[in-house]
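These notes concern the structure reproduced below.
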Amino acid sequence: MKKRWIFWWIANIIWIMLFAVGTFVVWTRKIDGAGVTQTPALKLLAFIILLMAFIFPLIIQVIWLIVNFKINSNK
0 MKKRWIFWWI ANIIWIMLFA VGTFVVWTRK IDGAGVTQTP ALKLLAFIIL
50 LMAFIFPLII QVIWLIVNFK INSNK
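Quick note on numbering that gives the first Met the number 0: the sequence shown kicks off at 0 and runs consecutively.
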């Protein structure tokens, strides 16, 4: 396996772990940092915001994947 593929997989694993930890924190906390009691609606809103924050890295990972495929097909 080439280095760029290994780095791609490592980056994906890191992003997935960060997203999983963030999701766990959002859904299990009772009170947020501002002292507001978390209702299911507020938890869903916090999760959607977290999801929006992870869309940009997802786009970068997909572009990186396409580049890896293009480079491999040229060799």
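Where is the CB? At the ideal position from N, CA and C, for every residue including glycine. For clarity, every value in this text was computed on a predicted model and none was experimentally measured.
**Prompt:** In three-state DSSP terms, what is THR22?
**Reply:** By one-based count along the sequence shown, residue 22 stands at place 23. DSSP places THR22 in helix when its eight states are reduced to three.
**Whether LEU57 touches VAL25 by CB criterion (8 Å)** = To locate residue 57, count along the sequence shown from 1; it is residue 58. To locate residue 25, count along the sequence shown from 1; it is residue 26. Not closer than 8 Å, so no.
**Asked** Are ASN67 and TRP4 close, meaning C-beta to C-beta below 8 Å?
**Response** Locating residue 67 in the sequence shown gives position 68, counting from the first residue. Locating residue 4 in the sequence shown gives position 5, counting from the first residue. For ASN67 and TRP4, yes; Cβs fall inside 8 Å.
**Message:** According to DSSP, is THR36 part of a helix, a strand, or is it coil?
**Reply:** Indexing the sequence shown from 1 puts residue 36 at position 37. Here THR36 sits in strand by DSSP.
**Asked** Can you give the beta carbon distance from THR36 to LYS29, rounded, assuming they're within the 8 Å contact cut?
**Response** Taking the sequence shown and counting its residues from 1, the one referred to as residue 36 is at position 37. Taking the sequence shown and counting its residues from 1, the one referred to as residue 29 is at position 30. That belief holds up - the Cβ atoms of THR36 and LYS29 are roughly 7 Å apart, short of 8 Å.
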